[in-house]
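Data block below; observations after.
Protein chains: 2
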Amino acid sequence: MPKSPTGPEFATPRQRAAALRQLRKAFTAGVIETGDEARRVASLDTCRVAHLPDAVIRPATDAEVAAVLRVANKARIPVTTRGAGSATTGAVTPIRGGWVLDFSGWNDIRIDAVSGYAHVGAGAVNAKIDEAAGKAGWFYPPDPSSKGYSTIGGNIACNAGGLRAAKYGVTRDYVVALEGFLPTGEPVKWGLPLKKYVSGYNLRDLWIGSEGMLGVITRATLKLIPRPEARTTFLAAYKDEAAALRTVREILKARVVPSILEFIDRQTLDCFLRKHEKAGTLGSLPFSVKPGEAAPAMLLMEIDGDKAQVRRQQKPVRELLGGKALWLRQARDEAAAEALWKIRRTCSQAMFQMGDTKLNEDIVVPLESQLPLLKYTLEVKKKTGLATPTFGHAADGNFHVHVMFDWDEAAQREQAKASIELIMRKVVELGGAITGEHGIGLAKSPFLTLQHTEAEIAAMKRIKDALDPNGILNPGKMFEPFDMWLQPRDRAWRFPWDH
Amino acid sequence: MPKSPTGPEFATPRQRAAALRQLRKAFTAGVIETGDEARRVASLDTCRVAHLPDAVIRPATDAEVAAVLRVANKARIPVTTRGAGSATTGAVTPIRGGWVLDFSGWNDIRIDAVSGYAHVGAGAVNAKIDEAAGKAGWFYPPDPSSKGYSTIGGNIACNAGGLRAAKYGVTRDYVVALEGFLPTGEPVKWGLPLKKYVSGYNLRDLWIGSEGMLGVITRATLKLIPRPEARTTFLAAYKDEAAALRTVREILKARVVPSILEFIDRQTLDCFLRKHEKAGTLGSLPFSVKPGEAAPAMLLMEIDGDKAQVRRQQKPVRELLGGKALWLRQARDEAAAEALWKIRRTCSQAMFQMGDTKLNEDIVVPLESQLPLLKYTLEVKKKTGLATPTFGHAADGNFHVHVMFDWDEAAQREQAKASIELIMRKVVELGGAITGEHGIGLAKSPFLTLQHTEAEIAAMKRIKDALDPNGILNPGKMFEPFDMWLQPRDRAWRFPWDH
Chain A
1 MPKSPTGPEF ATPRQRAAAL RQLRKAFTAG VIETGDEARR VASLDTCRVA HLPDAVIRPA
61 TDAEVAAVLR VANKARIPVT TRGAGSATTG AVTPIRGGWV LDFSGWNDIR IDAVSGYAHV
121 GAGAVNAKID EAAGKAGWFY PPDPSSKGYS TIGGNIACNA GGLRAAKYGV TRDYVVALEG
181 FLPTGEPVKW GLPLKKYVSG YNLRDLWIGS EGMLGVITRA TLKLIPRPEA RTTFLAAYKD
241 EAAALRTVRE ILKARVVPSI LEFIDRQTLD CFLRKHEKAG TLGSLPFSVK PGEAAPAMLL
301 MEIDGDKAQV RRQQKPVREL LGGKALWLRQ ARDEAAAEAL WKIRRTCSQA MFQMGDTKLN
361 EDIVVPLESQ LPLLKYTLEV KKKTGLATPT FGHAADGNFH VHVMFDWDEA AQREQAKASI
421 ELIMRKVVEL GGAITGEHGI GLAKSPFLTL QHTEAEIAAM KRIKDALDPN GILNPGKMFE
481 PFDMWLQPRD RAWRFPWDH
Chain B
500 MPKSPTGPEF ATPRQRAAAL RQLRKAFTAG VIETGDEARR VASLDTCRVA HLPDAVIRPA
560 TDAEVAAVLR VANKARIPVT TRGAGSATTG AVTPIRGGWV LDFSGWNDIR IDAVSGYAHV
620 GAGAVNAKID EAAGKAGWFY PPDPSSKGYS TIGGNIACNA GGLRAAKYGV TRDYVVALEG
680 FLPTGEPVKW GLPLKKYVSG YNLRDLWIGS EGMLGVITRA TLKLIPRPEA RTTFLAAYKD
740 EAAALRTVRE ILKARVVPSI LEFIDRQTLD CFLRKHEKAG TLGSLPFSVK PGEAAPAMLL
800 MEIDGDKAQV RRQQKPVREL LGGKALWLRQ ARDEAAAEAL WKIRRTCSQA MFQMGDTKLN
860 EDIVVPLESQ LPLLKYTLEV KKKTGLATPT FGHAADGNFH VHVMFDWDEA AQREQAKASI
920 ELIMRKVVEL GGAITGEHGI GLAKSPFLTL QHTEAEIAAM KRIKDALDPN GILNPGKMFE
980 PFDMWLQPRD RAWRFPWDH
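Residue numbers (this note's numbering), protein chains in the order written: chain A, 1 to 499; chain B, 500 to 998.
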């Protein structure tokens, strides 16, 4: 990994060392680590662009967080906050070195079962929050696929979405109040554990999705909703993407609100089927496929609610889903539902048959642009020769377009880079968003100017300067176009969730 | 009404006149009015602190809006945007004079019935949006009591709430995208008509609730949801506030989500009953009252959903609501529901029996502080001798505490001012918010420092300076403590909705 390029605006190595000594004096309960292993863990997120920080700081108290920011501001040292490191964009990589502020230990969860709130530390893991809520009959719906390990601080920093967003919304919709620190070190609270609050400017929502650049989140209050009583799962196959996406349109037009409506394209399913063919496990699937048979496109759908509601909706849903389908399955129990889900849960890993490296672009397009986008992914495939398997959350238009390639093949790398650029341009042309739930970080920074005008970006930067005059918080992100392709990746690193 | 005090930072009258001449040249389709009548209309909102602007500008095109802001920035002329003028806080009063930018004509509404969006101009009236949505089977839930005349631009500017917020959320929860202009005149779009979008900093939500101080909203895309099929209405009476509010707690604890849960205290109901007693119409009420009988406290509750859901929930709701009640009524049809609603719809006007002037404070408290707050309103009544009738949205803790007095009685005015201060301090002490749906404007500006720390307010001001370096947009609001009591009110003005 390369050494920290110390920008002229930041402290010199000598100044950094002096600041760290000063900080150690302020630390009585927290931990400051400078060992290689700790620094390597903190050097990257799942996009694997790695950069070693000078130190990893695990504060134990609010006073220690304040001390970090005060010292860092005075000495001009980059500070990058971190939870699990499961971001996909390099947003967590301390690309200018400096200090990583690790909140993974701030993982307390307290459920207010009468008012329906979860009071959590920034390091609380998403699924643990929902688990605690569930014990009291409540539900925390945002479910990024990283929910088993990603922290709420990170979820808030990138406004994480998930599979259930079209019905239940995203992280932002559940954040009632935030506590934390301004980049300059003052403690602040944005909002209170209340369901209405309009006093002053809303910096809570400005912080949400600002990728750790405008403040340090230490605690959050999340809104909970009553847990749905029942759900039922359907899987339907279609001859192609057009038939599947026309069905999506019919479902939404009928004002049916699915809790899940996952689209899987033929390329993705092909990877899945080939994997099972190789393993000789085609027979284990909940539908019959002959070896070598052409893969269909699919929709995985769930509806939830109270028991009677779910029961009543089944017939119209079967009619809508089944209308253009080759076949339709409905799960009669939890085990059968899990069998239908297996395709969606494992298709992402199955893509590695098409290349050792996967780019996962979480773009969003309007309903009327879903089919044009899918057609375009096939054009890109034809043009570049790289596979573009795509699945995603069809009810909200948030598709994960993947580009698969072999990293060590220089020509493929070039084509992969070109593919992403083509896709990003097309998405914006189709009235869409370059990111629906991952954020900008380093990976999407070259495309920010496709999405926003100069005046819009200038306004964002003025806000950054207003709140973080020394630019210490997560520097080098979002506004500075970063060329991912020039930087070697730490491909050897194994995350706890890698399999 | 007093003349505009031209602050040293703003243009002199001569400079303003020159700028207006310049602006007229840029206007080809829009209207610039300087007549007394137009200026008086634009001088106030429902809190009646009035200040005449120099001109009322009704732009017809985006280019004209840009021209207004460009000229105003160059000449340093205050610009205050306006919809219907139904704000309750003086947020719309052009307190530093200058130009009022009137968007009431920008009232186009277009429903996307497949994707479930309303695309609207800033001047579109709230109820008209829901009406248009309803024709296509969709629902726009935010329902401030001003919904019949307030515009969406104003609803967004103060993040208006309403009666259904505990189940359906507030304006912010439905704003998907905004179009408009930076204070410096550049056109911007924050968000797109998409259900997921996390690119760049979220200025959309920073604008929402910023009371017209950070940008000019011209258009919005609103999320719609499927219209609930059925509802049923209950009215229950309790011997006192404690019994009613304990019932609220039981309902929420059972994770029942009412679409409406309105609390009415004994003072409020007493006003209502006395009005009917005077009019000899006690017999018209949907319950029997003997003249002079002590007024109970009340809960008005609705549940909604699909027909079967509503049917199934009736019994548990009757048990919860009726447990501590003196009596309970359930409406069997729409006419009966309207009869139960009459109390809530007319109780506010009935308060004028207690004084010719009403202060309406939209505070919010946590569930556990509801009863302490109500008890405190009675203490304030005892201390000041002024009536403090209170009703509000009990499921979200947003109570409208009123102070009734006669404006021309100097002693009562003093007591009214003292009452509000006592209540605001108590609300913050109870962990609550000084405003849940009206905003700060002029009226709440003296209390901003109760709610926020110095660092929080400084951060807000830095954002204001970053986006509006000349401070032209809605100056004199929020951060400058304004003494409402020193300024005569335009009490003679009749708003179209006054009755």
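All C-beta atoms, glycine included, are put in the ideal place defined by N, C-alpha and C.
No experiment lies behind these values; they were computed from the predicted model shown.
Please state whether DSSP places residue i in a helix, a strand or coil.
| i | result |
| --- | --- |
| B:D611 | strand |
| B:A635 | coil |
| A:E319 | helix |
| B:K1018 | Chain B is shown only over 500 to 998; residue 1018 of chain B falls outside these bounds and no answer can be derived. |
| A:F103 | coil |
| A:G153 | helix |
| A:N126 | helix |
| A:R14 | helix |
| B:V755 | coil |
| B:W712 | Residue identity differs from the one stated: residue 712 of chain B is Met in this sequence, not Trp. The answer is coil: DSSP assigns B:M712 none of H, G, I, E or B. |
| A:G283 | helix |
| A:M404 | strand |
| B:I939 | coil |
| B:I842 | helix |
| A:F391 | strand |
| B:E538 | The displayed chain sequence assigns Arg, not Glu, to residue 538 of chain B. Note: B:R538 maps to helix in three-state DSSP. |
| B:A554 | strand |
| A:R489 | strand |
| A:H119 | strand |
| B:E913 | helix |
| A:F263 | strand |
Using a Cβ-Cβ cut-off of 8 Å (strictly less than) and excluding sequence neighbours within five positions of residue i, which residues of its own chain qualify?
| i | result |
| --- | --- |
| B:V747 | L760, F762, L798, L866, Q869, A893 and A894 |
| A:K74 | A19 |
| B:S614 | P692 |
| B:V669 | P641, N658, A659, G660, G661 and E936 |
| A:P187 | D62, A66, E179, G180 and F181 |
So, at 7 Å on beta carbons, what are the nonlocal neighbours of residue i in its own chain, with the 5 sequence-adjacent residues on each side left out?
| i | result |
| --- | --- |
| A:P496 | Y149 |
| B:E508 | R575 and G970 |
| A:M484 | V49, L442 and A443 |
| B:V530 | R557 |
| A:A418 | T384 |
| A:D362 | N398, H400, T435, G436, E437 and H438 |
Spell out the partners DSSP gives residue i in its beta bridges.
| i | result |
| --- | --- |
| A:E334 | In DSSP, A:E334 forms no bridge with anything. |
| A:P226 | A:W138 |
| B:F733 | B:M800 and B:Q829 |
| A:L473 | A:V79 |
| B:V674 | B:L721 |
| B:D861 | B:H899 |
| A:G180 | A:V188 and A:I217 |
| A:L373 | Answer is none; A:L373 lacks a bridge partner. |
Tell me, to the nearest whole angstrom, how far the beta carbon of residue i is from that of residue j; I am working on the premise that it is less than 8 Å.
| i | j | result |
| --- | --- | --- |
| B:C657 | B:G622 | That belief does not hold up - the Cβ atoms of B:C657 and B:G622 are roughly 15 Å apart, past 8 Å. |
| B:G679 | B:G582 | That belief does not hold up - the Cβ atoms of B:G679 and B:G582 are roughly 13 Å apart, past 8 Å. |
Among the residues of its own chain, which have a CB less than 6 Å from the CB of residue i, if the five just before and after it don't count?
| i | result |
| --- | --- |
| A:L282 | H276 and V289 |
| B:R843 | E761 and L799 |
| B:V599 | A541, P552, V555, T579, R581 and P593 |
Got a sec: does the ligand HEM put a non-hydrogen atom nearer than 6 Å to the Cβ of residue i?
| i | result |
| --- | --- |
| B:S758 | With respect to the ligand HEM, the structure shown offers nothing to examine, as it has no ligands at all. |
Inspect the CB distances between the region 263 to 272 of chain A and the region 618 to 637 of chain B and report whether three or more fall short of 8 Å. Touching, no, given that fewer than three Cβ pairs across the two stretches are closer than 8 Å.
Could you check whether the region 136 to 145 of chain A touches the region 244 to 258 of chain A, counting it as contact only if at least three pairs of C-beta atoms, one from each stretch, sit closer than 8 Å? These segments do not touch.
Does the structure place the region 585 to 592 of chain B close enough to the region 542 to 549 of chain B that three or more beta carbon pairs sit under 8 Å? Taking a cut-off of 8 Å for Cβ pairs, the region 542 to 549 of chain B and the region 585 to 592 of chain B touch, as three or more such pairs fall below it.
Cβ pair count under 8 Å reaching 3, the region 898 to 908 of chain B against the region 940 to 955 of chain B: With the cut-off at 8 Å, the region 898 to 908 of chain B and the region 940 to 955 of chain B do not touch.
Between the region 658 to 670 of chain B and the region 919 to 938 of chain B, do at least 3 Cβ pairs fall closer than 8 Å? Verdict: yes, contact present.
Contact the region 223 to 243 of chain A vs the region 326 to 336 of chain A: 3+ CB pairs below 8 Å: Three or more pairs of CB atoms, one per stretch, sit closer than 8 Å, so the region 223 to 243 of chain A contacts the region 326 to 336 of chain A.
Are the region 195 to 211 of chain A and the region 347 to 356 of chain A touching by the rule of at least three beta carbon pairs closer than 8 Å? Not touching, per the Cβ criterion.
Pairs of beta-carbons, one from the region 377 to 385 of chain A and one from the region 420 to 429 of chain A, closer than 8 Å: are there three or more? Yes: the two stretches touch, three or more of their Cβ pairs being nearer than 8 Å.
In the region 76 to 92 of chain A, which residues sit with their C-beta less than 8 Å from some C-beta in chain C, listed in chain order? No chain C appears in the structure shown, which is made up of the protein chains A and B.
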